[in-house]
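Asker: Once you know that position 76 of the sequence shown is 75 in this note's numbering, the rest is easy, because the numbers rise by one and skip nothing.
Can you keep this structure in mind? I'll have questions shortly.
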Amino acid sequence: MSPRRIDPQLATTLLEAAARLLAEEGTAGLTTRRLAAAVGTSTTAVYTHFGGMDNLVRAMVHEGFARLHRRMSTVRATPDAVADVMALGYAYRANSLDHPQLYQVMFGSAALGGFALADGDRQHGKYTLQPLVDAVARATEQGRFRAGDPLLVAQNMWIALHGLVSLELGGYLIDPYDADVCFEAQLRSLMVGAGDEYEATATSLARARRRRSPRT
């Protein structure tokens, strides 16, 4: 008997549907039968593509970070490294808003129940941080940021932006200061906190704002 054919498009559709079910209905809603019905396929297709529910959840995490990496990679280095840092922040936020269900699975906001992820899975996404680390290092070399470990600075920025985006996805950033206002205020605070001058940050923010990619 020939092996069953893997359909990349169906695999992606299954991942997106699974992330949606997990985020909206919790682990009780994520069953092979429920997933197959949501996509309009058979339960066999789920096992053919992923082998089981643990691997499906793992694939969701990996797919989420792959999409984040692709979005971050669209930010090219320019002579203004601080603008690059903030452009990466815009890219992070846009990707999260484009794929909210995957975002919740990636970072555990959607309960995974008994679908256990190994430590290696949680380390998997850290490579997406490298463009930010590189931009922070260049901003330091340009004298815009004070001397320090670029990885630690980048991680602290990631922590701050992750918290803001999580609140935005939860609908907590409302009037009088909406998500856009809070996001740019956060960027300014992070840049000045890293050592940049306020006026220089304002100029770089304007540049980063012009470069932001539209949401998909």
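All C-beta atoms in this analysis are idealised placements derived from N, C-alpha and C, irrespective of residue type, glycine included.
Just so we're clear, the structure is a prediction, and the values are computed from it rather than from any experiment.
If we ignore side chains and look at the alpha-carbon of each, how far apart do G51 and A17 end up?
Answerer: Along the sequence shown, read from residue 1 onward, the residue named residue 51 stands at position 52. Along the sequence shown, read from residue 1 onward, the residue named residue 17 stands at position 18. Answer to the nearest angstrom: the Cα atoms are 12 Å apart.
Asker: Checking 8 Å against the spacing of the C-beta atoms, do A35 and L20 come in under that value?
Answerer: Here residue 35 refers to the residue found at position 36 when the sequence shown is read from its first residue. Here residue 20 refers to the residue found at position 21 when the sequence shown is read from its first residue. It is not a contact, given that the beta carbons lie outside the stated cut-off.
Asker: Just checking: is the beta-carbon of R209 within a distance shorter than 8 Å of some beta-carbon in chain B?
Answerer: Going by chain labels, chain B is absent from the structure shown, which holds only one protein chain.
Asker: Please state if the CB of L96 and the CB of D134 are separated by a distance shorter than 8 Å.
Answerer: For the purposes of this step, residue 134 is taken as residue 135 along the sequence shown, with counting starting at 1. For the purposes of this step, residue 96 is taken as residue 97 along the sequence shown, with counting starting at 1. The sequence given here has Ala at residue 134, not Asp. Not a contact, by the Cβ cut-off of 8 Å.
Asker: Please list the terminal residues of the continuous alpha helix (DSSP H) segment that includes P149.
Answerer: Here the question's residue 149 lines up with position 150 in the sequence shown. Start and end: 149 to 168.
Asker: With burial defined as no fewer than 16 other Cβ atoms inside 10 Å of the residue's Cβ, what is the status of E24: buried or exposed?
Answerer: One-based indexing of the sequence shown puts residue 24 at position 25. It is exposed - the Cβ of E24 has fewer than 16 other Cβ atoms within 10 Å.
Asker: Is the beta carbon of M85 less than 8 Å from the beta carbon of A199?
Answerer: Walking along the sequence shown from the start, residue 85 turns up at place 86. Walking along the sequence shown from the start, residue 199 turns up at place 200. In terms of Cβ geometry, M85 and A199 do not form a close pair [threshold 8 Å].
Asker: Kindly indicate the opening and closing residues of the alpha helix (DSSP H) around G192.
Answerer: Along the sequence shown, read from residue 1 onward, the residue named residue 192 stands at position 193. 178 to 192 is the extent of the alpha helix (DSSP H) around G192.
Asker: Measuring only the C-alpha atoms, how far is V45 from R92?
Answerer: Taking the sequence shown and counting its residues from 1, the one referred to as residue 45 is at position 46. Taking the sequence shown and counting its residues from 1, the one referred to as residue 92 is at position 93. Going by the C-alpha atoms only, they are around 31 Å apart.
Asker: When the Cα atoms are used, what is the spatial distance from A201 to V191?
Answerer: Against the sequence shown, residue 201 aligns to sequence position 202. Against the sequence shown, residue 191 aligns to sequence position 192. Those two C-alpha atoms are separated by around 10 Å.
Asker: So is T43 buried or exposed if we call it buried at 16+ other beta carbons inside 10 Å?
Answerer: Translated into positions along the sequence shown, residue 43 becomes position 44. T43 is exposed by the Cβ-count criterion.
Asker: Which residues in the same chain have their Cβ closer than 7 Å to the Cβ of S70, if we skip the five residues on either side of it in sequence?
Answerer: As a working mapping, residue 70 is identified with position 71 in the sequence shown. Reading off the sequence shown, one finds Arg at residue 70, where the question assumed Ser. Correct list, in chain order: A90, A93, N94.
Asker: Taking only three categories from DSSP, how would you classify Y171?
Answerer: Reading the sequence shown from its first residue, position 172 is the one you call residue 171. Reduced to three states, the DSSP call for Y171 is coil.
Asker: A132: buried (16+ other C-beta within 10 angstroms of its C-beta) or exposed?
Answerer: For the purposes of this step, residue 132 is taken as the residue at position 133 of the sequence shown. In the sequence on display, residue 132 carries Val and not Ala. Answer is buried; the Cβ neighbour count reaches 16.
Asker: Give me the Cα-Cα distance between L172 and S188, rounded to the nearest whole angstrom.
Answerer: As a first step, residue 172 is located in the sequence shown; it is residue number 173 there, counting from the start. As a first step, residue 188 is located in the sequence shown; it is residue number 189 there, counting from the start. Taking the CA atoms as reference points, L172 sits about 17 Å from S188.
Asker: Do you know how far the Cα of H161 is from the Cα of M59?
Answerer: Position 60 of the sequence shown, counted from the first residue, corresponds to residue 59. Position 162 of the sequence shown, counted from the first residue, corresponds to residue 161. Put simply, the backbone Cα of M59 is about 19 Å away from that of H161.
Asker: Distance check for A193 and A76, CA to CA, integer angstroms please.
Answerer: Your numbering for residue 76 matches position 77 in the sequence shown. Your numbering for residue 193 matches position 194 in the sequence shown. About 19 Å.
Asker: Provide the residue span of the alpha helix (DSSP H) that contains A134, from first to last.
Answerer: Translated into positions along the sequence shown, residue 134 becomes position 135. Taken as a continuous stretch (DSSP letters only), the alpha helix (DSSP H) holding A134 covers 129 to 140.
Asker: Among Q103, L150, A146, which residue has its Cα nearest to the Cα of K125?
Answerer: Here the question's residue 125 lines up with position 126 in the sequence shown. The residue with the shortest Cα to Cα distance from K125 is L150.
Asker: Determine the extent of the alpha helix (DSSP H) in which V74 is found, giving its start and end residues.
Answerer: For the purposes of this step, residue 74 is identified with residue 75 of the sequence shown, where counting begins at 1. No alpha helix (DSSP H) contains V74, which DSSP labels as neither H nor E.
Asker: Is L13 near Y102, with beta carbons less than 8 Å apart?
Answerer: Locating residue 13 in the sequence shown gives position 14, counting from the first residue. Locating residue 102 in the sequence shown gives position 103, counting from the first residue. Cβ atoms of L13 and Y102: not closer than 8 Å.
Asker: Where H48 and H123 are concerned, what is the direct C-alpha to C-alpha distance, given to the nearest angstrom?
Answerer: As a working mapping, residue 48 is identified with position 49 in the sequence shown. As a working mapping, residue 123 is identified with position 124 in the sequence shown. The straight-line gap from Cα to Cα measures roughly 20 Å.
Asker: Provide the residue span of the alpha helix (DSSP H) that contains A205, from first to last.
Answerer: Position 206 of the sequence shown, counted from the start, is the residue given in the question as residue 205. Looking at the DSSP string, the run of the alpha helix (DSSP H) that includes A205 is 197 to 210.
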